[in-house]
Amino acid sequence: MHLTLRQLSIFDAVARHLSYTRAAEELHLSQPAVSMQLKQLEHNVGLPLLEQIGKRTYLTEAGREMYHYSRVISQQLAEAEAVLAELKGMSRGRLEIAVASTANYFATRLLATFSREHSGAQISLDVTNREGLLARLDANEIDLVIMGRPPTQPDLVAEAFMDNPLVVIAAPGHPLTRPGPVPIQDLQHETFMVRERGSGTRTAMERFFDEQGIRLTTGMEMSSNEAIKQAVQAGLGLGLVSAHTLELELASARLVVLDVDGLPIRRHWYIVHRRGKRLSPMATSFRAFVLQDARAMLELPSGAARSTMLR
Ligand code: PGA
C-alpha cells in the first residue's frame, strides 16, 4: 500500500468531522484540494473509504478500519513532535536561577553536575537575599529560586528537597566544646555573631531562641556566613550557621559544632517557582534534577552530620 502522511492526515480530519468543508477549514486547504487527496488515497488503498448519501458523508467499512489506524498514527506523530520539541529546547536552553546566599555553598556544585549532563545549557546564577529572591519571582524574570524559608504567597510553589540543619559553632578549645551535651540555657552566657536582617538564618535563629525562652547576647552583625565563621574562629564569640557552610572549616578542624540540647534547628531547602509558570524544558529538567538528586549528592560535612543526626 502506498500512501503519504499528508493523505493520511487529510483523511483523518474528514473522518473526524464527517465533512469535507470542516476538514478543509481545519487544515487551511481548499475543498477541491481535500477531495483530490482523498481520491488519490482511495486509489492507492484500492477501496472506497467515504461515501456520500444525500448531503451527508459516511465512512465505509474500509474507512472505519482506516480511521482506527489514522487516529493511532496521528497521535503517535503528535507525541513524537512534542518529544522532539522538548529535546530541541533542552539541548540549547537558558536557565535563570537565583539562590539565597547560604544556598550558594552547594548551588554551584549542583549546577556543575547539571551542566555536565546538559552541555547546551546557558546558566545564569544570581546570589541574593530573600527579599531580592521574592522580587525576582514577582517580576517573573527568573525560572527557579532556592531558598531556606518557604514563601507564604499562594502564587508560588515551594518544594522541599533537602535538610538544612542550623548548628552552633565555636572555635576549637572553647569551654563549651567539653564532652557531653550543652544545656541550651548555657548559651545565654555567650555572645553570638549574627547575620544581617533579612537573612533567613537570622530569622530562624531569632524565632527558635524566642520559642525556647532564651535571650541571647548578640555581638557583631555580619552580612555573610564567611564573616561569621572568621569571627568565631578569631574567638569573638559563637555563631549559628547552616551546616552546609562548614565543609572546609570542619575538615581542617578550624571550627567545632557544639552539641547543644534541642539543636540543630531543623529546616529545609526549597526550590521555588511561580504557580502556573510554563517552565522551559531546561528549567523543568533542572527542577527534577534538584528534587531527585540533590540530597544524595550533597552530603553534610561529617562533623556537622554527627551532631545533627544524633538528635
Ligand atoms: P540566608 O539563607 O540566611 O543566607 O538568607 C537562606 C535561609 O536559610 O533561609
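For the sequence shown, my numbering begins at 5 and goes up steadily by one.
Quick reminder that beta carbons are idealized off the backbone N, C-alpha and C, glycines included.
- Proximity to Met197 across Ala174, Pro179 and Glu253 peaks at Ala174, based on C-alpha coordinates.
- Contact check for Ala125 against Gly97 passes: the beta carbons are separated by less than 8 Å.
- Taking one beta carbon from each stretch, the stretch 49–60 and the stretch 102–114 have fewer than 3 pairs nearer than 8 Å; the two do not touch.
- For Glu210, same chain residues with a beta-carbon under 8 Å away, outside a window of 5 residues either side, do not exist.
- The beta-carbon distance between Pro154 and Ala247, rounded to whole angstroms, is 19 Å. This is too long to meet the 8 Å contact definition.
- Neighbourhood of ligand 1, defined by CB distance below 5 Å to any of its heavy atoms: Ala104, Ser105, Thr106, Gly152, Arg153, Ser203, Gly204 and Thr205, in chain order.
- Our two residues, Glu30 and Ala37, have alpha carbons roughly 13 Å apart in a direct line.
- In this structure, Trp273 sits away from Ala139, with a CB-CB distance that is not shorter than 8 Å.
- A distance of 8 Å or more separates the beta carbons of Asp142 and Ala287.
- Residue pairing for His272: DSSP places it in a beta bridge opposite Asp167.
- For the set Phe15, Leu42, Tyr73 and Val245, the Cα lying nearest the Cα of Gly204 is the one of Val245.
- As DSSP reads the structure, Ile150 sits in a beta bridge with Val103 and Ile275.
- Per the C-alpha coordinates, the member of His277, Leu240 and Val236 positioned closest to Pro158 is His277.
- For the 8 Å CB-CB criterion, Ile188 and Gly266 form a contact.
- The continuous stretches of beta strand (DSSP E) do not include Val264, and DSSP gives it neither H nor E.
- A distance below 8 Å separates the beta carbons of Ala102 and Thr132.
- Rounded to the nearest angstrom, the gap between the Cα atoms of Gly67 and Leu12 is 11 Å.
- Taken atom to atom, the span from the alpha-carbon of Gln216 to that of Pro285 is near 45 Å.
- Per DSSP, reduced to three states, the secondary structure at Asp190 is helical.
- The beta carbon of Arg258 is closer than 7 Å to those of Gln237 in its chain, skipping five residues each way along the sequence.
- A Cβ-Cβ separation of about 5 Å places Gly223 in contact with Gly241 under the 8 Å criterion.
- With fewer than 16 other CB atoms across the displayed protein chains lying within 10 angstroms of its CB, Ile57 is exposed.
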